[in-house]
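Since the structure comes first, as structure tokens, the remarks are kept for the end.
Protein chains: 2
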Amino acid sequence: MRIRRADAVDTAGIAAIIIPTIRQGTTYALDADMSEADALAYWMGPDKETFVAEEDGVILGTYFIRPNQAGGGRHVCNCGYMTSAAATGRGIARSMCAHSLEYARARGYRAMQFNFVISTNERAVRLWQSLGFQIVGRLPLAFQHPTAGDVDAFVMHQHL
Amino acid sequence: MRIRRADAVDTAGIAAIIIPTIRQGTTYALDADMSEADALAYWMGPDKETFVAEEDGVILGTYFIRPNQAGGGRHVCNCGYMTSAAATGRGIARSMCAHSLEYARARGYRAMQFNFVISTNERAVRLWQSLGFQIVGRLPLAFQHPTAGDVDAFVMHQHL
């Protein structure tokens with residue numbers, strides 16, 4: 180598996196991952212019915228650098244990295260990761276996160292922050308913790324989960 | 180003093196407040212050198228509802244309210260407030276925040292969250308606390324203050 184910068188030819192492969200995740204509406208605070216064009220504009224927007232994890236020409240995961248804030252907050256980055264449902268459990272999110280941490284250090288970022296890790300996404304919370312992130316905030320009942328009701332979300336952070 | 184919805188004729192009055200605050204770069208994570216057009220597009224963007232506090236035809240403060248997240252996070256709002264430097268200490272930020280809390284309840288929001296309250300802005304932190312907000316997260320060294328160095332920022336929250 181190779182992690183590399185995304186370009187325009189990857190659009191369909193990226194859409195095949197992010198659209199089902201967005202439609203499911205359980206792990207990202209994005210409108211579940213957003214159009215594919217809007218979803219791609221969000222994931223690959225000019226404020227972001229977007230990567231794909233590819234194996235034998237198939238895109239198995241994708242992530243973006245961007246400054247989390249402008250101005251005096253530009254030294255802290257933010258990332259989002261999504262993995263193909265067909266490839267879950269193979270360590271792709273872990274590989275992408277490790278890649279993003281290394282990339283962030285190389286780009287001069289001094290910390291990475293996740294703004295909205297939904298507490299019911301326990302697998303992700305544990306994964307981020309195992310990669311060095313700490314919970315620095317708890318947003319009470321901040322996410323209306325489609326089946327679990329209102330649940331907390333976490334702010335997670337690590338210095339680089 | 181009257182707080183009302185902003186419209187296009189208020190652009191100059193709003194710019195007169197937000198541009199000096201942005202240029203100073205001590206209370207908002209916005210690029211200090213952003214253009215006036217970009218600043219107004221940010222403050223009055225289509226994702227936001229923007230208000231002004233006006234007295235005798237002069238705009239003394241302005242605030243926006245917007246959903247803090249999309250999708251399952253749309254029930255939580257976010258606001259930003261700025262007061263004219265000439266009118267500090269007159270309770271304008273307090274009045275605007277009280278107005279926004281009432282407006283948010285009427286609009287059906289169930290919580291209000293501030294994502295990035297810079298810890299050196301002690302006056303604001305105390306004001307928000309006095310209006311019912313709690314610190315639910317501490318972002319370590321998240322803001323490069325132009326004179327104080329790297330300082331923490333707070334996530335503040337209240338249920339409505």
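Going line by line, the protein sequences match chains A and B.
Residues are numbered in this note's numbering as their position in the first sequence, beginning at 1, plus a constant of 179.
Residues are numbered in this note's numbering as their position in the second sequence, beginning at 1, plus a constant of 179.
Idealized CB from N, CA, C, for every residue including glycine.
C-beta contact flag for Phe-230(B) and Ala-187(B) at 9 angstroms | no
Do Leu-239(B) and Ala-277(B) come within 9 angstroms of each other at the CB atom, strictly closer than that value?
-> no
Residue burial classification, Gln-313(B) (beta-carbon count within 10 angstroms, cutoff 16) = exposed
In or out: His-336(A) buried (at least 16 other Cβ within 10 Å) or exposed?
-> buried
Using the C-alpha atoms, what's the distance from Ile-244(B) back to Glu-228(B)?
-> 5 angstroms
Taking three-plus beta-carbon pairs below 8 angstroms as touching, is the region 248-256 of chain B in contact with the region 293-306 of chain B?
-> no
Under the three-state reduction of DSSP, which class applies to Gln-323(A): helix, strand or coil?
-> strand
Where do the ends of the alpha helix (DSSP H) carrying Gly-192(A) lie?
-> 190-203
Quick one: list the residues of chain B neighbouring Val-315(A), beta-carbon separation under 8 angstroms, in chain order.
-> Gly-316, Arg-317, Leu-318, Pro-319
Starting from Arg-289(A), follow the beta strand (DSSP E) in both directions and report where the run begins and ends.
-> Arg-289(A) -> no beta strand (DSSP E), and no H or E assigned at all.
Under the DSSP definition of a beta bridge, which residues are partnered with Gly-311(A)?
-> Beta-bridge pairing links Gly-311(A) to no other residue.
Proximal residues to Thr-200(A) (C-beta, below 7 angstroms), its chain only, five neighbours per side dropped | Thr-206, Tyr-207, Met-261
Boundaries of the beta strand (DSSP E) in which Asp-331(B) is found, first to last residue | 328-338
If you follow the beta strand (DSSP E) that Leu-219(A) is part of, which residue opens it and which one closes it?
-> Run containing Leu-219(A): none in the beta strand (DSSP E); it sits in the alpha helix (DSSP H), 215-222.
Have a look at the DSSP bridge pairing and note the partners of Val-296(A).
-> Phe-333(A)
Under 9 angstroms between the Cβ atoms of Met-275(B) and Tyr-242(B)?
-> yes
So what does DSSP say about Tyr-282(B), is it helix, strand or coil?
-> helix
Can you list, in chain order, the residues of its chain whose CB lies under 8 angstroms from that of Ala-194(B), leaving out five sequence neighbours each side?
-> Glu-215, Ala-218, Leu-219
Would Gly-259(A) be called buried (16 or more neighbouring beta carbons within 10 Å of its own) or exposed?
-> buried
Closer than 8 angstroms at the beta carbon, the chain A residues around Leu-209(B) | Ala-249, Gly-250
Taking the beta strand (DSSP E) that Asn-257(A) falls in, what are its first and last residues?
-> 255-262
Tell whether a beta-carbon distance below 9 angstroms holds between Phe-322(B) and Val-304(B).
-> no
Where does Gly-316(A) fall in DSSP's three states?
-> strand
Same chain, Cβ closer than 8 angstroms to Met-223(B), five either side skipped, listed in chain order | Ala-185, Thr-190, Ile-193, Thr-229, Phe-243
For Arg-269(A), the first and last residue of its enclosing beta strand (DSSP E) = Arg-269(A) -> no beta strand (DSSP E), and no H or E assigned at all.
Boundaries (first-last residue) of the beta strand (DSSP E) holding Pro-246(A) | 237-246
Listing by chain order, which chain B residues have their CB less than 8 angstroms from the CB of Val-188(A)?
-> By Cβ distance, chain B contributes nothing, its closest Cβ being about 28 angstroms from Val-188(A), past 8 angstroms.
Hey, how far is the Cα of Ile-297(B) from the Cα of Val-330(B)?
-> 7 angstroms
In or out: Ala-264(A) buried (at least 16 other Cβ within 10 Å) or exposed?
-> exposed
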